Amino acid sequence: MGFLFDLIKSLLWFFAIVYVAIPLLFYFLPAVSHTLIFMTAVKWPFANYSDPRTHGVKYESRNFYLNVEPGIVLGCWQILPKALYRRDQSSSRSEREFDELLAQQGYPIVMYMHGNTWTRSAAHRVLLYNMLSELNLHVIAFDYRGFGDSTGMASEEGINRDVQAMYRWISERSGENPILLWGHSLGTAIATRLGQEACHSDVRRPAGLVLEAPFNNLAEVVRHHPFTYMFRWLPWFEQTIVQPCAKNDLNFNTDLRIRHLCFPLLFLHAKDDRIIPFHLAKKLEQEAKDAGVDTTFIEFDHPHNYGHKYIINAPELPDVVYEFVQHCISQDHVISSNAK
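Sequential numbering from 70 applies to the sequence shown in my numbering.
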């Protein structure tokens with residue numbers, strides 16, 4: 070009888086901690102939701118980002134740092150197109166040479182915005198950089214504030230200032246080369262906001278946007294994320310776990326912003342993505358279509374096991390990206406001609 074009483078007491082304590090204390094932590098402590106949304110602590114300790122090649126980057130590259138505002142410095146990589154690769158690298162290119170190569174005509178530029186967790190050096194991201202270089206595209210990859218070796222603490226508004234600064238830096242050096250945005254997961258919301266604001270300001274408009282594993286808004290992600298599965302039945306789930314995100318200035322409302330884009334979109338999503346459910350990407354696509362945005366959606370079936378971050382393994386991906394880039398360039402030329 071004593072054993073049964075102890076078991077019941079233990080179960081009650083477990084229930085109180087898991088189903089009461091944890092939701093209350095979300096509700097009362099903004100740092101909890103920020104930590105779980107951005108997960109900046111998930112990175113290799115003592116990682117050295119100074120030489121991208123040590124992380125698997127195949128083509129000529131450099132590490133550099135961008136000052137955004139006082140106290141905020143972003144760690145960045147520039148990876149050259151394959152066609153600009155020098156086999157003899159006994160002498161390294163200067164910073165000025167790397168800058169000037171961004172303006173060399175015929176090489177579009179991809180500004181890559183990663184998702185939460187890890188850094189610009191994550192293996193699946195490096196595979197993507199290499200593929201883009203082989204398509205003769207420049208790649209600019211960087212870590213937002215708080216990620217990798219970038220300084221500061223992550224926040225939705227702070228990260229938006231980071232990408233604005235990065236985009237201005239690229240625009241100032243790109244000459245007439247088209248600039249495409251690429252976002253993955255959380256980075257899709259970040260890239261969409263950047264694109265929307267560029268469409269409605271005096272800065273140069275991007276030529277196109279790739280949304281890899283996108284979602285419609287953060288609240289929907291929280292409702293469907295594997296982490297929240299065990300809490301969804303709670304009567305106070307919405308009030309204590311979902312709603313505090315907005316209260317803590319975490320919205321990432323891509324569905325409200327995507328309607329105002331002025332360039333083509335490419336959606337890439339795996340049906341077996343367990344982090345961002347496929348149907349959230351379809352909801353977002355519908356928002357774009359309803360607003361008349363030029364949209365292409367490529368889906369990847371379950372048997373391939375691409376999940377949330379391995380669409381890079383799809384053998385057809387280089388052709389898909391190449392065709393999209395060509396489409397963006399042609400549309401960009403039409404708009405530029407009409408503007409003259």
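Note that CB positions come from ideal geometry on N, CA and C, so glycine has one too. These numbers were taken from a predicted model, which means no experiment stands behind them.
Rounded to the nearest whole angstrom, the C-alpha separation of M299 and Y154 is 50 Å. Residue environment: R214 is assigned as buried (16 or more neighbouring CB atoms within 10 Å of its CB, all protein chains considered). Just so you know, the alpha carbons of T261 and E281 end up roughly 12 Å apart. DSSP places Q147 outside any alpha helix (DSSP H); the residue lies instead in the beta strand (DSSP E), whose first and last residues are I141 to I148. Residue pairing by DSSP puts L249 in a beta bridge opposite V179 and G277. Straight-line spacing of the CA atoms in Q395 and G277 works out to 10 Å.
Restricting attention to alpha helix (DSSP H) runs no shorter than 4 residues, the stretch 152-240 encloses them at 164-170 and 192-203, ordered along the chain.
Take D212, set aside five residues on each side of it, and the residues of its chain with a beta-carbon closer than 6 Å to its own are G144, T188, R189 and S219, in chain order. When DSSP reads this structure, L334 sits in a beta bridge with L278 and T364. In the displayed model, V389 falls within a helix according to three-state DSSP. Its chain contains T188, S190, G217 and D218 as the residues whose beta carbon lies nearer than 8 Å to that of A116, once the 5 sequence neighbours on both sides are disregarded; these appear in chain order. With contacts defined as CB atoms closer than 8 Å, N317 and N286 fail to qualify as a contacting pair. Short of 6 Å from the beta carbon of F393, and not among the five residues preceding or following it, lie these beta carbons of its own chain, in chain order: L335. Nearest neighbour of H207 by Cα position, chosen from L263, G227, G264 and L149, turns out to be L149.
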